[in-house]
């Protein structure tokens, strides 16, 4: 699994931190979405202002109303969707190529690296969106849904990917369902603990417990 695959594309580091070449300025909309996702995972929903976003990606203040007529709310919803996809795509690929056990182990290793690389200043934007009450009015956006709906959809997508990986290896649907709930909840919770403790140890401990559990479930299903 390539280094930093989970959030390398999400943070779009080259576009955000370094001067932006003229040829890349045409992709302002994507940079605004990616930059917002990066700020959410560092600062939260409400503390991320539109001024922060345009400064973070070196865009003009007029770029947001031009690209996002729904304002900050639309930008947040699209950022959550974007962040979810940046996890779902590599997660699906690694589960497909390596299987549920090795795939999840590799994926969790990358999470640990991401946390360490950010010095534990950045977590999971989906978790942030799930637990932080949004100060604005979370009305559904046509074609996108509400912030709460989008957050739930992302969690469901991750759950679905792992569940189907386990079922491909013979785990019964009901057992796969409960295991996936455990995995998603444990990983997300451990990320919060890692940030609080400024250490990847909680994630490593969760990994040591979860991987044998998945191995056991697969072995039992094949007996």
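In this note's numbering, the protein residues as written are 527 to 749.
Glycine residues also receive a C-beta, built at the ideal position from the N, C-alpha and C atoms.
Everything numeric in this text was worked out from a predicted model, so none of it was measured.
In summary, residue 723 is exposed, with fewer than 16 beta-carbon neighbours lying within 10 Å of its beta-carbon over all protein chains present.
Excluding residues up to 5 positions away in sequence, 559 lie with their Cβ nearer than 6 Å to the Cβ of residue 604 in the same chain. Per DSSP, the beta bridge partners of residue 667 are 671.
Straight through space, the alpha carbons of residue 627 and residue 693 are spaced by roughly 12 Å. Residue 650 places its beta carbon 8 Å or farther from that of residue 731. Scanning its chain for C-beta atoms nearer than 6 Å, with the 5 sequence neighbours on each side dropped, one finds around residue 648 the residues 567, 568, in chain order. Collapsing the DSSP output to three states places residue 645 in coil. In this structure the stretch 687-703 touches the stretch 613-628; the number of beta carbon pairs closer than 8 Å is three or more. Rounded to whole angstroms, the separation of the alpha carbons of residue 586 and residue 706 is 42 Å. Here the alpha carbon of residue 557 sits roughly 12 Å from the alpha carbon of residue 565. Comparing C-alpha distances from residue 637 to each of 667, 660, 612, 656 shows the shortest one belongs to 612.
Going by C-alpha positions, residue 700 is about 25 Å away from residue 610. Pairing residue 672 with residue 660, the inter-Cα distance amounts to about 11 Å. Going by C-alpha positions, residue 656 is about 10 Å away from residue 676. Inside the stretch 560-612, DSSP marks whole alpha helix (DSSP H) runs of 4 or more residues at positions 576-583, 589-593, from first to last along the chain. Residue 736 has its alpha-carbon roughly 40 Å from the corresponding atom of residue 580. Residue 704 counts as exposed, since fewer than 16 other beta carbons sit within 10 angstroms of its beta carbon.
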